[in-house]
Amino acid sequence: MNLQKYNNKKIALFGKTRAFEKNELDSLLKQYNITLLDHYQQDVVLIVEGAIMPTPLQEKIQELYKTTDVDFIDIDIFEKELAVAIEPKKLLMSLKLSNNQERIISYLTNDYITDTLFLSLVKLYRFGNEDFFENDTNRDVTAALIRRFYKEYETNHNIQYSNVGLINTVENTTNPELLETIFSLEPTQKALYDPNHHNAKLIQILALHPQTPLQVLLHIINTKEIEYIKYIASRDQLDPTLEEKLLSMQNKTLDTLLAYMPYLSKISITTLLQRGYEDIIAQHITLDESLFETLHVNPFIALNPTLSLEMQKQLFKDKQYHLYLAKNFTCKLTKELFETNDPQIKELVLRYHNISEFSFDPSGYEFQLSHNPTTPAEILQKIYEQNNDAFNANLAKNPATPVDILYQLSFDFRYAKDVKQNPAFSQHIKTTHAIGIFE
């Protein structure tokens, strides 16, 4: 529908509006010099079929269908088209100047306006020093936000009226503008300097969320509230600006969290090494050749999951690294570690490492092998045939255990619970059930 088509003309609305208040409808139509009537007359060129029409109006509509060549349109289609015609800049300027909260609420509860316009409008809404759900209008506005942005809303309509719904909306969104907007709202801001506030969870989620804008994170850091800032220091990756800010605070809790980061700038690494966090950094930083050269003298580097095969081989040359490499379950030197004949190292290798690529005599290692998800099926079969309680307990939990063995173990009350929780067995049951449905 092109509103320009009805410029300087009259249209009639029969029944009620749905998304727009009547006065807002009038205001929008006036931009096109369109006159809105509540009855039919000869110069009406469009009839809008509104919501909740009493019988006499329905009968009038039917009569006009037959006796006129006037255009007809459903209220939902009409209001959607009208929402598209809104000029956001003009509307926002008008609402900022007037601070008309009733108009703002009317637009916020209108499902047809764009998400971008909604986020601009909700920043103009005044929560009146009360919480998101503390009064009727706050509840309506918050519910409108959840309804619009919560992905699972269609499967759980009641969630729009709960704090859980708001938290889930923040956790699940990928929209930085939404995160920035929720952070700016009055109830969230009230929690900013009070980590014990009931809305503190929102600040924590925002501090961790990968899509939270940099300016929001800097704002949180500027509060000096360590209980919030430690969540920023726990992010998977940090902007160099944030690293610098956090290190400048010289806080041991924050420094420790930063030392666990897999990615840090060279400047930040140098600073943390000077502050005594070498053991943690050696284990957790994502290594390159330069960092390996800097840190390789620290035995904890052998625990680092990002060691390349060449790095592992270089460390293996020195016996002091052997036990650490055995504790690193991403280490590919399984055969070499096993052949050191160190009992503690053998125990770790057989329980946790990938043993599928080298052969050895499994006798005497049944307990460890029954636990290892890379143990070949034929070895697990032989272990099961020994009918040992401890071995069977491991087999019941091991996703590599053949399904027919898991079936047998499921009939024994000692192992039944572990078998049911075994992901491989659960997947087999689901697949079997699905095949049965379609046969």
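Start counting the sequence shown at 34; every next residue gets the next number (the working numbering).
Glycine included, every Cβ here is placed at the ideal spot set by N, Cα and C.
Item to complete: Go to residue 487, then tell me how far its alpha helix (DSSP H) extends in each direction, as first and last residue.
Response: Nothing can be reported for residue 487, as the shown portion of the chain is limited to 34 through 472.
Discussion item. Once the 5 residues before and after residue 77 are set aside, which same chain residues still bring their CB inside 7 Å of it?
Written reply: Within the sequence shown, numbered from 1, the residue matching residue 77 stands at position 44. Here the set comprises 43, 44, 45, 70 and 103.
Worksheet item: What is the rounded straight-line gap between the Cα of residue 319 and the Cα of residue 366?
Response: Within the sequence shown, residue 319 is the residue found at index 286, counting from 1. Within the sequence shown, residue 366 is the residue found at index 333, counting from 1. Spanning the two alpha carbons is a distance of roughly 20 Å.
Item to complete: Out of 431, 377, 376 and 96, point me to the one whose CA is closest to residue 402's CA.
Response: Within the sequence shown, numbered from 1, the residue matching residue 402 stands at position 369. Looking at the Cα atoms, 431 is the closest of the given residues.
Worksheet item: Hey, would you say residue 313 sits closer than 8 Å to residue 293, going by beta carbons?
Response: As a first step, residue 313 is located in the sequence shown; it is residue number 280 there, counting from the start. As a first step, residue 293 is located in the sequence shown; it is residue number 260 there, counting from the start. Cβ atoms of residue 313 and residue 293: closer than 8 Å.
Fill in: Bridge partners - residue 82, DSSP secondary structure assignment
Within the sequence shown, numbered from 1, the residue matching residue 82 stands at position 49. 47 and 107.
Item to complete: Just mark residue 164 as buried or exposed, buried being the case when its beta carbon has 16 or more other beta carbons within 10 Å.
Response: Taking the sequence shown and counting its residues from 1, one reaches residue 164 at position 131. With 16 or more other Cβ atoms within 10 Å, it is buried.
Practice prompt. At 3 residues or longer, and completely inside the segment 232-272: list those beta strand (DSSP E) runs for me, N to C.
Written response: none
Worksheet item: So the beta strand (DSSP E) residue 69 belongs to, where does it begin and stop?
Response: Working through the sequence shown from its first residue, we reach residue 69 at position 36. Here the beta strand (DSSP E) through residue 69 covers 68-70.
Worksheet entry | Under the three-state DSSP convention, the category residue 174 falls into | Against the sequence shown, residue 174 aligns to sequence position 141. Helix.
Item to complete: Report the three-state DSSP secondary structure of residue 330 (helix, strand or coil).
Response: The residue given as residue 330 occupies position 297 in the sequence shown. Reduced to three states, the DSSP call for residue 330 is coil.
Item to complete: Count the other CB atoms, across all protein chains shown, that sit within 10 Å of the CB of residue 458; report buried if there are 16 or more and exposed otherwise.
Response: Residue numbering aside, residue 458 sits at position 425 when the sequence shown is read from its first letter. The residue in question, residue 458, is buried, as its Cβ has 16 or more Cβ neighbours within 10 Å.
Discussion item. Between the alpha carbons of residue 180 and residue 264, how many angstroms are there, rounded?
Written reply: In the sequence shown, counting from the first residue as 1, residue 180 sits at position 147. In the sequence shown, counting from the first residue as 1, residue 264 sits at position 231. So the two alpha carbons sit approximately 28 Å from each other.
Item to complete: Please look up how many angstroms separate the CB atoms of residue 113 and residue 158, rounded, as I've assumed it's under 8 Å.
Response: By 1-based counting over the sequence shown, the position of residue 113 is 80. By 1-based counting over the sequence shown, the position of residue 158 is 125. Not really, about 23 Å apart at Cβ, beyond 8 Å.
Discussion item. Within the continuous alpha helix (DSSP H) that includes residue 154, where are the two ends?
Written reply: On the sequence shown, position 121 is the one that residue 154 refers to. Start and end: 148-155.
Practice prompt. Just mark residue 240 as buried or exposed, buried being the case when its beta carbon has 16 or more other beta carbons within 10 Å.
Written response: Within the sequence shown, residue 240 is the residue found at index 207, counting from 1. Its Cβ being crowded by 16 or more others within 10 Å, residue 240 is buried.
Fill in: Continuous alpha helix (DSSP H) stretch holding residue 376: start and end
Along the sequence shown, one-based indexing puts residue 376 at 343. Segment 376-385, the alpha helix (DSSP H) holding residue 376.
Item to complete: Excluding the 5 residues preceding and the 5 following residue 429 in the sequence, name in chain order all residues of the same chain whose CB lies nearer than 6 Å to its CB.
Response: By one-based count along the sequence shown, residue 429 stands at place 396. Excluding sequence neighbours, residue 429 sits near 442, 448, 451 and 452.
Practice prompt. Out of 435, 410, 409 and 445, point me to the one whose CA is closest to residue 422's CA.
Written response: Mapped onto the sequence shown, residue 422 falls at position 389. Nearest of 435, 410, 409 and 445 to residue 422, Cα basis: 445.
Discussion item. I want to see whether chain D comes within less than 8 Å of residue 161, judged by CB atoms only; does it?
Written reply: The question asks about chain D, but that chain is absent: this structure has only one protein chain.
Item to complete: Give me the Cα-Cα distance between residue 306 and residue 297, rounded to the nearest whole angstrom.
Response: Residue mapping note: residue 306 aligns to position 273 of the sequence shown, counting from 1. Residue mapping note: residue 297 aligns to position 264 of the sequence shown, counting from 1. Using only the alpha carbons, I get a separation of about 12 Å.
Fill in: Buried or exposed (CB count within 10 angstroms, at least 16 for buried), residue 245
Residue mapping note: residue 245 aligns to position 212 of the sequence shown, counting from 1. Buried, because 16 or more other Cβ atoms sit within 10 Å of the Cβ of residue 245.
Worksheet item: What span of residues does the alpha helix (DSSP H) with residue 190 cover, start to end?
Response: For the purposes of this step, residue 190 is taken as the residue at position 157 of the sequence shown. Here residue 190 belongs to no alpha helix (DSSP H), and DSSP marks it neither H nor E.
Worksheet item: So, using beta-carbon positions, are residue 332 and residue 357 closer together than 8 Å?
Response: For the purposes of this step, residue 332 is taken as residue 299 along the sequence shown, with counting starting at 1. For the purposes of this step, residue 357 is taken as residue 324 along the sequence shown, with counting starting at 1. Cβ atoms of residue 332 and residue 357: closer than 8 Å.
Worksheet item: How far does the alpha helix (DSSP H) with residue 411 in it reach, from first residue to last?
Response: Indexing the sequence shown from 1 puts residue 411 at position 378. Per DSSP, residue 411 belongs to the alpha helix (DSSP H) from 410-417.
Worksheet item: Got a sec, what are the start and stop residues for the alpha helix (DSSP H) residue 127 sits in?
Response: In the sequence shown, the residue the question calls residue 127 occupies position 94. Element bounds for residue 127: 121-131.
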